[in-house]
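Those protein sequence lines, which keep their order, are chains A and B. If you read the first sequence in our numbering, its first letter stands for residue 22, the second for the next number, and so on. If you read the second sequence in our numbering, its first letter stands for residue 707, the second for the next number, and so on.
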Amino acid sequence: MTPQFLFFCLAIVAITAALGMLIARSPVSSALWLILNLFCVAGLYLTMNAQFLAVVQVLVYAGAIMVLFLFVIMLLNVAALPSVRDIDWRLGVGFVLGVALLAQLSYAIASSTDLMPAEVSLESTVATGSVEVVAKELFTRFAMPLEMIGVLLLAATIGAVLLARRVSPK
Amino acid sequence: MLQTFFPLFLQLLMAGGLALTLLLGAKYLGPKRPNLIKRQVYESGMDPVGSAHQRYSVKFYLVAMIFIVFDVEVVFLYPWAVTFKDFIAAGSGLGVLAVILPFIAILAIGLLYDIKKGGLDFDS
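Structure below.
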């Protein structure tokens, strides 16, 4: 099982889940598809040796951001969408072809200019993506920004408490 | 490098496979004798009445926001938890502690403020 094989397997599942999210009828099924998609993207990060990013992906996106989505679904009365069969299939085919053309064109443009990202060796990704490297930078060079993030999160907490405060009747 | 995560992928595969097998097995192997009562939404034995969409207390929103804030905190605590022993071995354990403890303290102020303001008090 090579990383490439795993990468393509995960990529196929991720794209399928993304499509499922788009064409799901009820918002709750859409949310479930999105969770599958987010997990697959976390797996993609792992195949590229970005373990920290993978963990953050699951923690923040599949955790916190999904909570926000579910909140919106719960609070707003989101009705189920009309069935896919009501959507013109020619629109879908045209969309897929258009995206394929865009991908080809951007690939051609990127490879003829120097916009194409250089190939990265597996060893160098291990040297940047692992938790140990991130921690070393975070707690030494970026210690002060870390405290600033703490203050920012404190401000977010206080803002949320103030927003949800019961206004006393006068 | 990827080999270290092989058990993780295997576990995900097994969990997903088991869930799929059980769901599909119940769908295609199980007997189906539906009637009106069985097809009703389960509502703890009560008759389901009306829509589930009602006005909720804004407290739920507050809990969600606090969860997101502390979720982001965990993102920064996680590399600390993984590497703290290495830092101690390298002799800089106290220095890292001096970075992470103020960070936790700053966020604890937010939690204390929330508790003081009654944000987690659902009875009132």
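From the three backbone atoms N, C-alpha and C, an ideal C-beta is built for every residue, glycine too.
Open item on the list: Is there a C-beta anywhere in chain A that falls below 7 Å from the one on T727(B)?
Closed with: Along the second sequence, one-based indexing puts residue 727(B) at 21. No, T727(B) lies away from the interface with chain A (no Cβ there is under 7 Å from its Cβ).
TODO: Rank Y762(B), I743(B), Q760(B), G799(B) by C-alpha distance to the C-alpha of D753(B) and give the top, closest one.
DONE: Taking the second sequence and counting its residues from 1, the one referred to as residue 753(B) is at position 47. The option with the nearest alpha carbon to D753(B) is I743(B).
Open item on the list: Strictly under 7 Å for the Cβ-Cβ distance: is F711(B) near chain A by that measure?
Closed with: Taking the first residue of the second sequence as 1, we reach residue 711(B) at position 5. By this cut-off, F711(B) is an interface position.
Task: Euclidean distance between Cα positions of V152(A) and S798(B) - done: Against the first sequence, residue 152(A) aligns to sequence position 131. Against the second sequence, residue 798(B) aligns to sequence position 92. Spanning the two alpha carbons is a distance of roughly 17 Å.
Task: Contacting residues, own chain, Cβ-Cβ under 7 Å from M718(B) (five flanking each side not counted) - done: As a working note, residue 718(B) is residue 12 in the second sequence. The question names Met, but residue 718(B) is Leu in the sequence shown. Correct list: empty, nothing qualifies.
Task: Residue environment, W110(A), which counts as buried when at least 16 other CB atoms sit within 10 Å - done: Counted from its first residue, the first sequence places residue 110(A) at position 89. W110(A) is exposed by the Cβ-count criterion.
- [ ] Within 10 angstroms of the Cβ of Q72(A), are there 16 or more other Cβ atoms? Answer buried if so, exposed if not.
- [x] The residue you call residue 72(A) lines up with position 51 of the first sequence. Q72(A) should be labelled buried.
TODO: Closer than 8 Å by beta-carbon distance: list the chain A residues that pair up with K823(B), in chain order.
DONE: The count along the second sequence starts at 1 and reaches residue 823(B) at position 117. Within chain A, the residues near K823(B) are V182, R186.
TODO: Assign L768(B) to buried or exposed, taking buried as 16 or more other Cβ atoms, counted over all protein chains shown, within 10 Å of its Cβ.
DONE: Taking the first residue of the second sequence as 1, we reach residue 768(B) at position 62. With 16 or more Cβ atoms within 10 Å of its Cβ, L768(B) is classed as buried.
TODO: Could you tell me whether any Cβ in chain B is nearer than 7 Å to the Cβ of I94(A)?
DONE: What you label residue 94(A) is simply residue 73 of the first sequence in a count that begins at 1. False, the Cβ-Cβ gap to chain B never drops below 7 Å.
- [ ] Could you tell me if the beta carbon of A156(A) falls within a distance shorter than 6 Å of some heavy atom in the ligand GDP?
- [x] Absent from the structure shown: the ligand GDP. Ligands present: none.
- [ ] Figure out for me which residue from L55(A), L123(A), I170(A), I86(A) has the closest Cα to the Cα of A35(A).
- [x] Your numbering for residue 35(A) matches position 14 in the first sequence. Ranking L55(A), L123(A), I170(A), I86(A) by Cα distance to A35(A) puts L55(A) first.
TODO: State buried or exposed for G64(A), treating a residue as buried only when at least 16 other CB atoms are found within 10 Å of its CB.
DONE: Sequence index remark: in the first sequence, residue 64(A) carries index 43 (1-based). That one is buried.
Task: Start-to-end residues for the alpha helix (DSSP H) that takes in T37(A) - done: Position 16 of the first sequence, counting from 1, holds the residue named residue 37(A). 24-44 is the extent of the alpha helix (DSSP H) around T37(A).
Open item on the list: Please report the distance separating the alpha-carbon of K823(B) from that of I815(B).
Closed with: As a position in the second sequence, residue 823(B) is number 117, starting the count at 1. As a position in the second sequence, residue 815(B) is number 109, starting the count at 1. K823(B) and I815(B): Cα-Cα distance of roughly 12 Å.
Task: Selection from L53(A), N58(A), I44(A), S47(A) that minimises the alpha carbon distance to I33(A) - done: Along the first sequence, read from residue 1 onward, the residue named residue 33(A) stands at position 12. Considering only alpha carbons, the answer is N58(A).
- [ ] Give, in chain order, every residue of the stretch 792-820 of chain B whose Cβ lies closer than 9 Å to some Cβ of chain A.
- [x] D792, F793, S798, G801, V802, A804, V805, I806, P808, F809, I810, A811, I812, L813, I815, G816, L817, Y819, D820
Task: Under 7 Å between C-beta atoms of L167(A) and F809(B) - done: The sequence position of residue 167(A) within the first sequence is 146, counting from 1. The sequence position of residue 809(B) within the second sequence is 103, counting from 1. Yes, these two residues count as a Cβ contact at 7 Å.
TODO: Below 8 Å between beta carbons is the criterion; list the residues of the stretch 42-56 of chain A that meet it against any residue of chain B, in chain order.
DONE: none
Task: Against chain A: residues of the stretch 773-793 of chain B by CB proximity under 8 Å - done: F773, I774, V775, D777, V778, E779, V780, V781, F782, Y784, P785, W786, V788, T789, D792, F793
- [ ] Starting from the C-beta of L91(A), find all residues in its chain whose C-beta is less than 7 Å away, skip the five residues before and the five after it, and write them out in chain order.
- [x] Here residue 91(A) corresponds to residue number 70 of the first sequence, with the count starting at 1. Once the five neighbours on either side are set aside, the close Cβ partners of L91(A) are A52.
Open item on the list: Rounding to the nearest angstrom, what Cα-Cα distance links T23(A) and S763(B) in this structure?
Closed with: Numbered from its first residue, the first sequence carries residue 23(A) at position 2. Numbered from its first residue, the second sequence carries residue 763(B) at position 57. If you take the alpha carbons of T23(A) and S763(B), they lie about 51 Å apart.
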